[in-house]
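Visitor:
Numbering (the UniProt record's numbering), first residue to last: 1 to 164.
1. List the endpoints of the continuous beta strand (DSSP E) containing residue 157.
2. Between the Cα of residue 160 and the Cα atoms of 89, 117 and 74, which residue gives the shortest distance?
3. Would residue 92 and residue 80 qualify as a contact pair, given that the criterion is a beta-carbon distance under 8 angstroms?
4. Going by other Cβ atoms of all chains shown within 10 Å of its Cβ, with 16 needed for buried, is residue 39 buried or exposed?
5. Report buried or exposed for residue 54, applying the criterion of at least 16 other Cβ atoms within 10 angstroms of its Cβ.
6. When burial is assigned at 16 or more other CB atoms within 10 Å of the CB, is residue 72 buried or exposed?
7. Are the CB atoms of residue 76 and residue 60 nearer to each other than 8 angstroms?
8. Which of the three DSSP states is assigned to residue 83 in this structure?
9. In angstroms, rounded to a whole number, what distance separates the CA positions of residue 78 and residue 134?
10. Checking the sheet assignment: what are the DSSP bridge partners for residue 59?
11. Output yes or no for whether 8 angstroms exceeds the beta carbon distance between residue 157 and residue 49.
12. Applying the criterion that 16 or more other CB atoms from any shown protein chain within 10 Å of the CB defines a buried residue, is residue 145 buried or exposed?
13. Measuring CA to CA, which of 58, 51 and 46 is closest to residue 66?
14. I need the DSSP call for residue 97, collapsed to helix, strand or coil.
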């Protein structure tokens, strides 16, 4: 019985060896790595920003993890380190909610640029500064917008601290 089980196993090993040792090339000589390089270049890589706040006379160092979409120039997520959230007494979801309120705040006047939140003003400044006369984006616009998101997150944390 053991020999009967061994024969299919031996056949399988032989088949795999025969197939894997064929003369067919799996990669041609004209293969280029350009596609791989482009996908890594456009990949959304989270950025870490360090900052500190003072709560009850104690300096607390923390981080903001910004997951930035370079293609769309938007923040996928803004995550504040847990020690900062614990110090100010809110959860990440509460922070996200307050961040969205801060980012989307507007007084709904007729003039879309009148009464913009500081975050919206920062984004508009980036658009103005990093757009050429033909309306095309200039390199650095995404980084400028990412800085706006980090600045807004830090201002939000600092605004919560005095309320404690």
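Glycine included, each C-beta is placed from N, C-alpha and C at the ideal position.
Guide: Working from what's here:
1. Run containing residue 157: none in the beta strand (DSSP E); it sits in the alpha helix (DSSP H), 141–160.
2. 89
3. yes
4. Unreliable positioning characterises residue 39 in this predicted model, as indicated by a pLDDT of 39, which lies under 50. The coordinate reading is nonetheless provided below. Looking at its Cβ environment, which holds fewer than 16 other Cβ atoms inside 10 Å, residue 39 is exposed.
5. exposed
6. exposed
7. no
8. helix
9. 32 angstroms
10. 54
11. no
12. buried
13. 46
14. helix
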